[in-house]
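Trainee: Chains as they are written, first to last, in our numbering: chain A, 12 to 426; chain B, 6 to 480.
Here's a structure for you.
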């Protein structure tokens, strides 16, 4: 691609030190401890804030509701914010920049350990589909986590593959923990970090449908990849993922959540769902697919179509490969892409989207909801493939995309 | 449970209807409360529609709901923060035990006393502020006054609920007495001295809400650490309301300073007499008000050494400010703390067991917080290019409780003679003339968007409404 590199902008949440009275309400309210203070200022940590806005309404001063759009690389650090007497002015923003808002970029997925901020550079819906079930959010927070029991933990990927992905089932017993497909939960790893502070929460998308991993049981499942290196390939042992992957049945886990009010599936039976994912980005897709599959198995009315593009290096490294293959074509139109198959050219999800262009555009023209989840590297290629497919079908991708974003029908989460 | 049931006579989120005895007792108390409000609540506010914040549930999404509410139809009720099932007693001899859902018998008297003392301050401030509505400097300020009044009234409800629910007949009698004492009443005054002082004008009101409501923040925060869980939950929800009260004070003084500074710059004047001629409040007068309210408020924390404070802490009844964020053993048996004393005519520091100095610990936390806010006020002057700076007086200045109660100490912390005190007191504390001058400025301005001459408009409205919004409708 010869396109100039796009500057990625974020909307950074800031507190006006001139108006803030340091009453501590925001820090007390923040469900994920993104707000902190020194003797001078109350500040929002851009690495933690997910724009849930829980702090906005309890603030008595209005000082909490300030946002600055700026390049992600120039985000104001905590140290800078602590030193302020007044807010910096909004700098001019290049017109063709992509802007992320924390609200759009709910922290949902942890691949590398630590809180992952959605790294999506494509516009994504800040609202849920109109027919989505109403989610519960923030029921359990750092200060009042709920204890879940490990009901199962097994490796999804073949033992001889590099990629160690686990399917972990957590049981909530008699405790209230309602969850919808696409939502995520927080896990609090036990112990302390190198600074002696308790570990902050790690976020994981839920891979099971609302009725539970085992239907009628109060449990859910996660798809967790053991992290042994960072994005640059440097050896790093992920705190959360290794803790989860090593859990034994019967052990207890501290859980927060549920989180996420946008990345939810439509509930009306006529809606089509187009899912594009890689690796553990499949968790929300599995949840949505399984919810529809149970409806399908019960013979409930279901006019909507499911279409899935799913990428991995090899079939052995593709989570849920076996169960996926058992789904009937009448239920789901499935396109798997493998990039490291011996004797086969490398294939990525965008290649499969191009191949299935006509079917994709037919779906995009209808009552369809798009979900993208996976590594950030996939995003540009997927968007380009969707644009090409539309162009070939005589559709104006920019207009279709903008309309879908506005209507809560286009959801991107990459990391 | 977070949802507040507004269909009940007494809105609540504590399943009041399931406890018929308690419900009847509180329904018996309610008419007395309403009568108290009619007698001692804001002057002449009946029938006003006020843009008030009302909680519909106690989660972040629901607790701040704004709408015009007819006075005095505000639905006072009983709202406790959500329960944390796993909460423990986090300090003292019971540390690590599950937080108590019932009153431990041996701590009953102490707990009741703490709740009554806190409860007594809430209606007191309503009484202290009852005449201020007649001299509000703007429609916006009038609304803020009423918001504070109704919430102070609700805080009384919160304490009365605890007394009724957990303290039987004694509790009911204490709850009655809360309505019988009155601020400044010669025969039956409020328990704490600062709550018997007058709040005669809006400068005093802003100082009160900045300094004295900030005392509320620290006391409520320390009580919210209590091992007695219902008290903790009650105080946690009260803290969310208290924040607005401090905001009114902090921003109010900022606006006064801003207006004074603007006039001083506009006319190139610094002499207080000159400044007064322009109908704004001169900076030395503001400093004297500050000295008064700061010193009276820090008395509220009690004696610098107190065996009661030690008992409250050791028995898990009242913690320190941000107890659970502190890195010590939360028992404090072997810890020391430096308090001030007088030796050879000078102030000196003396180490004492920390458990006995917990009032002083809380007072020092409070002072740090207060001083930081004064620095923010000074930035208003700094930005205006003025050299004058407000300062908080020494903590031994003008004290009526503890070691310094009978001593004369200057604002800069020198032990001085009665004669020196008498010669300077008019420079240090508001004189009758100061109060008369400030009172002369107080006239009612209630047309939306208009401000009295002595105060600048607020930078932002309430709940993102414009400043000229009709916050109070007079019908």
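For every residue, glycine included, the Cβ atom is placed at its ideal position computed from N, Cα and C.
Quick caveat: nothing in here was measured; it's all calculated off a predicted structure.
1. Which residues mark the beginning and the end of the alpha helix (DSSP H) in which residue 467 (chain B) is found?
2. Suppose contacts are defined by Cβ-Cβ distances below 8 Å. Is residue 136 (chain A) in contact with residue 416 (chain A) by that definition?
3. Between the alpha carbons of residue 252 (chain A) and residue 247 (chain B), how many angstroms are there, rounded?
4. Flag this pair as touching only if the stretch 268–275 of chain A and the stretch 192–208 of chain A have three or more C-beta atom pairs under 8 Å; answer yes or no.
5. If you pair each beta-carbon of the stretch 322–333 of chain A with each one of the stretch 166–182 of chain A, do three or more pairs fall below 8 Å?
6. With residue 138 (chain B) and residue 150 (chain B) assumed to form a contact (beta carbons below 8 Å), what rounded beta-carbon distance in angstroms separates them?
7. Along the chain, where does the alpha helix (DSSP H) containing residue 301 (chain B) start, and where does it finish?
8. Residues in the stretch 370–382 of chain B with C-beta within 8 Å of chain A's C-beta atoms, listed in sequence order?
9. Which two residues bound the contiguous beta strand (DSSP E) that contains residue 82 (chain A)?
10. Helix, strand or coil: how does DSSP classify residue 100 (chain A) here?
11. Just to confirm my understanding: we take residue 406 (chain A), look at its own chain, exclude 5 residues before and 5 after, and list those with CB closer than 8 Å. What are they?
12. Mind checking residue 469 (chain B): buried by the 16 CB within 10 Å criterion, or exposed?
13. When burial is assigned at 16 or more other CB atoms within 10 Å of the CB, is residue 235 (chain B) buried or exposed?
14. For residue 52 (chain A) versus residue 92 (chain A), is the C-beta spacing smaller than 8 Å?
15. Evaluate residue 460 (chain B) with the Cβ neighbour count: other Cβ atoms within 10 Å of its Cβ, from every protein chain shown; 16 or more gives buried, anything less gives exposed.
16. DSSP three-state label for residue 135 (chain B), please.
17. Can you look up residue 64 (chain B) in the DSSP assignment and give me helix, strand or coil?
18. Please decide whether residue 68 (chain B) counts as near chain A, where near means a Cβ-Cβ distance under 8 Å.
19. For a contact meaning CB atoms closer than 7 Å, what does residue 245 (chain B) contact in chain A?
20. Could you tell me the distance, in whole angstroms, from the CA atom of residue 65 (chain B) to the CA atom of residue 69 (chain A)?
21. Any idea which residues DSSP pairs residue 342 (chain B) with across the strands?
22. In three-state terms, what does DSSP make of residue 194 (chain B)?
23. Quick one: which chain B residues come within Cβ less than 7 Å of residue 73 (chain A)?
24. Could you check how far apart the C-beta atoms of residue 390 (chain A) and residue 133 (chain A) are, in whole angstroms? I think they sit under 8 Å.
25. By the three-class DSSP mapping on this structure, what secondary structure does residue 234 (chain A) have?
26. If you measure from the beta carbon of residue 118 (chain A) to each beta carbon in chain B, is any gap under 8 Å?
27. Taking residue 155 (chain A) as the reference, give the member of B:50, B:87 and B:121 with the closest Cα.
28. Rounding to the nearest angstrom, what Cα-Cα distance links residue 277 (chain A) and residue 219 (chain A) in this structure?
29. Could I get the ranges of all uninterrupted alpha helix (DSSP H) runs contained in the stretch 101–159 of chain B, with 4 residues as the minimum, in chain order?
30. Under 8 Å between beta-carbons, which chain B residues line up against residue 50 (chain A)? List them in chain order, please.
31. Which residues, in order along the stretch 77–100 of chain A, keep a beta-carbon less than 9 Å from a beta-carbon of chain B?
32. Which of helix, strand or coil does DSSP assign to residue 271 (chain B)?
33. Where residue 260 (chain B) and residue 440 (chain B) are concerned, what is the direct C-alpha to C-alpha distance, given to the nearest angstrom?
34. Near residue 4 (chain B), which residues of its chain fall below 7 Å by C-beta distance, leaving aside the five closest residues on each side in sequence?
35. Determine the DSSP secondary structure at residue 208 (chain A), reduced to helix, strand or coil.
36. Report the three-state DSSP secondary structure of residue 66 (chain A) (helix, strand or coil).
Mentor: So, from the listed chains and residues:
1. Residue numbering aside, residue 467 (chain B) sits at position 462 when the second chain is read from its first letter. No alpha helix (DSSP H) contains residue 467 (chain B), which DSSP labels as neither H nor E.
2. Stepping through the first chain from its first residue, residue 136 (chain A) is reached at position 125. Stepping through the first chain from its first residue, residue 416 (chain A) is reached at position 405. Result yes, Cβ atoms of residue 136 (chain A) and residue 416 (chain A) sit closer than 8 Å.
3. Sequence index remark: in the first chain, residue 252 (chain A) carries index 241 (1-based). Sequence index remark: in the second chain, residue 247 (chain B) carries index 242 (1-based). Roughly 41 Å separates the two Cα atoms.
4. yes
5. yes
6. As a working note, residue 138 (chain B) is residue 133 in the second chain. As a working note, residue 150 (chain B) is residue 145 in the second chain. Indeed, because the Cβ distance is near 6 Å, the residues count as touching under 8 Å.
7. Sequence index remark: in the second chain, residue 301 (chain B) carries index 296 (1-based). 288–303 is the extent of the alpha helix (DSSP H) around residue 301 (chain B).
8. 373, 374, 377, 378 and 381
9. To locate residue 82 (chain A), count along the first chain from 1; it is residue 71. Counting along the chain, the beta strand (DSSP E) containing residue 82 (chain A) begins and ends at 77–82.
10. Indexing the first chain from 1 puts residue 100 (chain A) at position 89. The answer is coil: DSSP assigns residue 100 (chain A) none of H, G, I, E or B.
11. Within the first chain, residue 406 (chain A) is the residue found at index 395, counting from 1. The residues are 372, 375 and 376.
12. Residue numbering aside, residue 469 (chain B) sits at position 464 when the second chain is read from its first letter. Burial call: exposed.
13. Against the second chain, residue 235 (chain B) aligns to sequence position 230. Counting Cβ neighbours within 10 Å, residue 235 (chain B) comes out buried, since at least 16 surround it.
14. If you number the first chain from 1, residue 52 (chain A) lands on position 41. If you number the first chain from 1, residue 92 (chain A) lands on position 81. Contact flag set, yes.
15. For the purposes of this step, residue 460 (chain B) is identified with residue 455 of the second chain, where counting begins at 1. Residue 460 (chain B) comes out buried.
16. The residue labelled residue 135 (chain B) in the question sits at position 130 within the second chain. Coil at residue 135 (chain B), not helix or strand.
17. The count along the second chain starts at 1 and reaches residue 64 (chain B) at position 59. Residue 64 (chain B): coil per DSSP, three-state reduction.
18. One-based indexing of the second chain puts residue 68 (chain B) at position 63. Chain A contact via Cβ: present.
19. Here residue 245 (chain B) corresponds to residue number 240 of the second chain, with the count starting at 1. The contacting residues are 36 and 69.
20. Indexing the second chain from 1 puts residue 65 (chain B) at position 60. Indexing the first chain from 1 puts residue 69 (chain A) at position 58. Taking the straight line from one Cα to the other gives about 6 Å.
21. On the second chain, residue 342 (chain B) is found 337 positions in, with the first residue counted as 1. Note: residue 342 (chain B) sits in a beta bridge opposite B:357.
22. Translated into the one-based positions of the second chain, residue 194 (chain B) becomes position 189. Residue 194 (chain B) falls in the coil class under three-state DSSP.
23. Here residue 73 (chain A) is taken as the residue at index 62 of the first chain, counted from 1. Chain B residues near residue 73 (chain A): 465 and 469.
24. On the first chain, residue 390 (chain A) is found 379 positions in, with the first residue counted as 1. On the first chain, residue 133 (chain A) is found 122 positions in, with the first residue counted as 1. With a Cβ gap of about 6 Å, residue 390 (chain A) and residue 133 (chain A) count as contacting.
25. Your numbering for residue 234 (chain A) matches position 223 in the first chain. DSSP places residue 234 (chain A) in strand when its eight states are reduced to three.
26. Locating residue 118 (chain A) in the first chain gives position 107, counting from the first residue. In this prediction, residue 118 (chain A) has a pLDDT of 35, which is less than 50 and means its spatial position is unreliable; nothing more can be read from the coordinates.
27. Residue 155 (chain A) sits at position 144 when you count from the first residue of the first chain. The shortest Cα separation from residue 155 (chain A) among B:50, B:87 and B:121 belongs to B:87.
28. Along the first chain, one-based indexing puts residue 277 (chain A) at 266. Along the first chain, one-based indexing puts residue 219 (chain A) at 208. Taking the straight line joining both Cα atoms gives about 16 Å.
29. 113–133
30. Within the first chain, the letter at position 39 stands for residue 50 (chain A). Those within 8 Å of residue 50 (chain A) in chain B are 373 and 377.
31. 96 and 97
32. Taking the second chain and counting its residues from 1, one reaches residue 271 (chain B) at position 266. If DSSP states are grouped into helix, strand and coil, residue 271 (chain B) belongs with the helices.
33. By one-based count along the second chain, residue 260 (chain B) stands at place 255. By one-based count along the second chain, residue 440 (chain B) stands at place 435. For residue 260 (chain B) and residue 440 (chain B), the distance between alpha carbons rounds to 19 Å.
34. With chain B represented from 6 up to 480, any question about residue 4 (chain B) goes unanswered, as that position is not in the structure.
35. Locating residue 208 (chain A) in the first chain gives position 197, counting from the first residue. Coil at residue 208 (chain A), not helix or strand.
36. As a position in the first chain, residue 66 (chain A) is number 55, starting the count at 1. Reduced to three states, the DSSP call for residue 66 (chain A) is coil.
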